[in-house]
Amino acid sequence: MLKSSINETKGDKVFNIVNYSILFAILVVIAYPLIFIVSASFSDSLALIQGRVWLFPVDFSLDGYKAIVDHRGINMGYLNSFFYMFVGTIVNIVFTVMVAYPLSRQDLRLRKFFTLLIVFTMIFNAGLIPTYMLIRQLGLINSRLVLIIPKAVNAWNVMVTITYFRTSIPKDLLEAARIDGCSDINFLCRIVLPLSKPILAVIGLFYAVTHWNAYFDAMIYLSDKTKFPLQIILRDILIQNQIGTDLAMTADPETLLMRENLALLLKYSLIVVSSIPLMILYPFVQKYFVKGVMVGSVKG
Amino acid sequence: MIRQKRTQKNYTPRSKLKVIQKEWYLNWQLYLLLFLPISYFILFKYVPIYGIQIAFKDFSIIDGVWGSPWVGFKHFITFFTDYRFFNIIGNTFILNIYQLIASFPIPILFALSLNAVNCKGFKKTLQMITYAPHFISTVVMVGMVFIFFSTRTGLFNQLLVGVGFEEVDFIGTASSFRHLYVWSGVWQSIGFNSIIYIATLAGIDPTLHEAAIVDGASKFKRLIHIDLPGIMPTAIVLLILNSGKILNLGFEKVLLMQNDVNMQYSEIIATYVYKTGLKSFIPQFSYSTAIGLFQSLIGLIMIISVNKLSQKFSESSLW
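Residue numbers (my numbering), protein chains in the order written: chain A, 10 to 309; chain B, 6 to 324.
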């Protein structure tokens with residue numbers, strides 16, 4: 010683009026001022042709640058109740074985080090969620106590559122048929138009850154596998170990966186490898202995968218986010234408390250206000266009030282703690298987003 | 006190249022069987038790779054479609070899917086004549102259309118606005134921060150809405166009182182459900198939904214802008230006449246996709262935000278299916294499946310018709 014900043018007209022200047030003000034307003038509206046939650050989680054519960062926390066922590070305290078460490082349900086949920094996320098994402102990536110690579114090959118005879126088979130599932134699904142009945146028949150109810158196997162592949166991510174393979178793996182590579190006597194599976198593992206790190210990172214993140222944030226499947230399929238992922242425990246505490254046995258149950262009104270205050274503080278700390286894993290993962294993958302999203306969403 | 010070579014070789018007429026044999030011999034490893042994932046799709050996506058037939062039967066666990074007696078459209082009629090029918094359908098449409106109207110243009114405007122920024126540092130920071138809420142889980146998001154909008158301790162009410170207004174009980178007011186639902190969604194998705202538009206804008210030919218500058222076009226004029234038409238095709242494709250999802254968007258969030266107070270506004274088809282099918286003491290599998298099927302069909306019809314409309318009025322379409 011030309012260096013237009015030298016000869017900006019009056020209209021352009023007005024435009025710039027308006028534009029920057031709008032963007033700055035958006036920035037504040039989005040960032041402020043996030044900052045507030047973090048600050049609140051490090052504040053004293055009394056300062057929080059009295060409304061003295063506005064931007065930075067007031068009367069710094071770690072009570073909320075202590076309450077989390079002491080809460081058995083949260084600890085267990087955390088570990089469970091890590092398990093589901095880790096195993097689930099590995100299964101997801103392996104399955105996605107297994108289906109996406111063959112379907113990206115133009116010389117596969119049944120490619121169109123299989124692709125249609127997958128695309129159809131994106132626009133029509135059987136609905137809650139028939140799926141539930143299938144899961145029950147398969148004996149997956151209340152098994153840890155129920156959060157992994159029924160979500161082994163996502164059709165959307167498959168389409169994204171197919172497009173990536175098709176557009177960024179040169180065909181000549183395959184020919185060269187074939188002449189050297191390389192089989193298809195060998196070619197996939199040794200040449201395609203190392204070249205596809207950006208897309209693997211992006212779909213890996215998307216899958217990981219889905220696993221970490223999922224609660225509905227766990228809610229309808231799991232009944233054993235020791236298998237609950239973190240989100241179920243979050244729902245009990247954040248939305249249904251069930252803090253857990255170790256915090257409630259007392260008759261003394263003063264202690265009760267203190268515990269109520271602590272409960273609010275616990276919520277803020279819990280929001281922070283439950284978001285940390287993804288917030289750590291996200292900056293590493295962020296640079297690939299644009300490419301990943303672009304490749305998938307609009308064909309051609 | 007490979008494909009070409011093979012067709013040349015196969016130029017002499019051979020039986021179809023041999024062609025298939027040869028294809029299998031060349032690509033058997035690819036089919037081997039496909040085996041597991043395709044079985045997954047068949048088992049978890051197509052087998053349940055077979056189960057849909059219970060929408061037309063009186064399903065009993067003892068007789069199974071196959072053995073239960075056919076009853077035709079009985080369950081559909083029960084739903085259509087239910088006194089809650091119009092309320093549920095209305096809520097579903099209003100909530101989703103409200104959401105579509107609010108959350109579709111805003112990322113576009115945001116992307117256009119961001120694209121006009123020259124300072125790279127500001128742009129990067131803004132992108133980084135606005136993407137972040139996308140990763141907050143639905144449960145936490147709803148929890149945040151409840152905390153921020155609660156009376157007494159809620160940040161929003163503390164602000165209101167601080168400026169001199171009266172406290173408002175947002176969570177306890179039924180009619181505020183829709184606004185809380187839609188605008189918290191906008192807050193969460195504005196950044197992430199704009200990625201695709203930002204990428205499209207980056208792909209617009211810079212010579213267009215140069216020519217316009219030479220002709221004396223202002224920044225605003227270039228935004229209207231170059232950038233906006235440049236992202237329209239992308240926007241239309243996304244609009245079609247969104248309209249197809251219109252009936253099953255955000256079910257989990259509605260379910261979490263639902264309480265006894267706002268039921269009049271928050272009961273949608275999906276939550277009703279969940280309640281009659283799984284949550285009630287006497288699960289009505291057939292009835293619930295019928296309602297779910299009704300919802301899927303409307304979604305399918307929507308996506309097909311919006312696609313048709315789009316083919317008629319513009320160049321872009323999904324297929």
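From the three backbone atoms N, C-alpha and C, an ideal C-beta is built for every residue, glycine too.
Listed in chain order, which residues of the region 138-152 of chain B have Cβ atoms closer than 9 Å to some Cβ of chain A? Flagged, chain order: PRO138, HIS139, PHE140, ILE141, SER142, THR143, VAL144, VAL145, VAL147, GLY148, MET149, PHE151, ILE152.
Residues of chain A with CB closer than 8 Å to the CB of B:GLN163, please, in chain order. GLY60
Mind checking B:ASN123: buried by the 16 CB within 10 Å criterion, or exposed? exposed
Which residues in the same chain as A:PHE104 place their Cβ atom closer than 7 Å to its Cβ, once the five residues preceding and following it in sequence are excluded? ALA161, VAL162
Determine, using beta carbons only, whether B:GLU28 comes closer than 8 Å to chain A. yes
Which same chain residues, not among the five before or five after A:PRO42, have their C-beta less than 8 Å away from its C-beta? none
Are A:ARG178 and A:LEU204 close, meaning C-beta to C-beta below 8 Å? Note that residue 178 of chain A corresponds to Ile in the displayed sequence, not to Arg. Yes. Within cutoff.
Could you tell me the distance, in whole angstroms, from the CA atom of A:GLN59 to the CA atom of A:ALA227? 37 Å
Using a Cβ cut-off of 9 Å, pull out every chain A residue sitting near B:SER293, in sequence order please. GLY136, LEU137, ILE138
Beta-carbon of B:GLN316 versus every beta-carbon of chain A: anything under 8 Å? no
Please state the DSSP three-state secondary structure of B:TRP75. strand
Can you check the region 136-174 of chain B for any alpha helix (DSSP H) of at least 4 residues that lies completely inside it and give the ranges in chain order? 143-154, 160-168
B:ILE146 to B:SER189, Cα distance in whole Å? According to the sequence displayed, residue 146 of chain B carries Met and not Ile. Going by the C-alpha atoms only, they are around 8 Å apart.
Applying a beta-carbon distance threshold of less than 8 Å, which residues of chain B neighbour A:ASN101? The contacting residues do not exist; A:ASN101 stays about 11 Å from chain B at best.
Thinking just about the alpha-carbon of each residue, which of B:ALA240, B:GLY235, B:GLU28 is nearest to the one in A:LEU117? B:GLU28
Do the region 57-72 of chain A and the region 28-48 of chain A meet, that is, are 3 or more Cβ pairs less than 8 Å apart? Taking a cut-off of 8 Å for Cβ pairs, the region 57-72 of chain A and the region 28-48 of chain A touch, as three or more such pairs fall below it.
From the DSSP output, which residues share a beta bridge with B:LYS62? According to DSSP, B:LYS62 bridges with B:TRP75.
Assuming B:LEU206 contacts B:VAL150 under a Cβ cut-off of 8 Å, what Cβ separation, rounded to an integer in Å, is found between them? The Cβ separation is near 32 Å, so there is no contact.
Near B:PHE138, which residues of its chain fall below 6 Å by C-beta distance, leaving aside the five closest residues on each side in sequence? The question names Phe, yet the displayed sequence has Pro at residue 138 of chain B. In chain order, GLN193 place their CB closer than 6 Å to the CB of B:PRO138, counting only its own chain and leaving out the 5 sequence neighbours on each side.
Suppose you measure from the CA of B:ILE308 to the CA of B:SER248; what does that come to, to the nearest Å? 6 Å
Helix, strand or coil, according to DSSP, for A:PRO179 in the structure here? Here A:PRO179 sits in coil by DSSP.
Between A:ASP21 and B:SER223, is the Cβ-Cβ spacing less than 8 Å? yes
Taking only beta-carbon positions, decide if A:PHE104 is within less than 8 Å of chain B. yes
Which residue marks the beginning of the alpha helix (DSSP H) containing B:GLU4, and which one marks its end? Past the edges of chain B, shown from 6 to 324, lies residue 4 of chain B, and the structure says nothing about it.
Taking only beta-carbon atoms, is A:LYS121 less than 8 Å away from chain E? No chain E appears in this structure, whose protein chains are A and B.
For a cutoff of 8 Å on Cβ pairs, would you count B:TRP71 as touching chain A? no
On the premise that A:VAL108 lies in contact with B:PRO42, defined as a C-beta separation below 8 Å, what is that separation, rounded to the nearest angstrom? 4 Å
Please identify the residue among B:GLY167, B:LEU233, B:ASN264 whose C-alpha is closest to the C-alpha of B:LEU2. Because chain B here runs from 6 to 324, residue 2 of chain B falls outside it and cannot be looked at.
What is the residue span of the alpha helix (DSSP H) that A:PHE133 lies within? Neither: A:PHE133 is in no alpha helix (DSSP H) and is coded neither H nor E.
Are B:PHE154 and B:PHE161 closer than 8 Å when you measure CB to CB? Contact: yes.
Grouping DSSP H, G and I as helix and E and B as strand, with all else coil, what is A:THR219? helix
Measure how close the beta-carbons of B:ALA204 and B:ASN267 come, nearest whole angstrom, since I'm counting them as under 8 Å. Incorrect: roughly 38 Å between the Cβ atoms, too far for contact.
Going by Cα to Cα distance, which pick from A:LEU287, A:VAL211, A:LEU202 is closest to A:PHE298? A:VAL211
Can you confirm whether A:THR254, when its beta carbon is compared against all beta carbons of chain B, has any partner nearer than 8 Å? Confidence is the limiting factor: at A:THR254 the pLDDT is only 49, short of 50, which leaves the residue's position unreliable, though a coordinate-based value still follows. No, no contact with chain B.
C-alpha gap between A:ALA272 and A:LEU209, whole angstroms: 40 Å
Nearest to A:LEU247 (by Cα), restricted to the options A:ILE31, A:CYS191, A:ILE280, A:ILE144: A:LEU247 has its Cα closest to that of A:ILE280, out of A:ILE31, A:CYS191, A:ILE280, A:ILE144.
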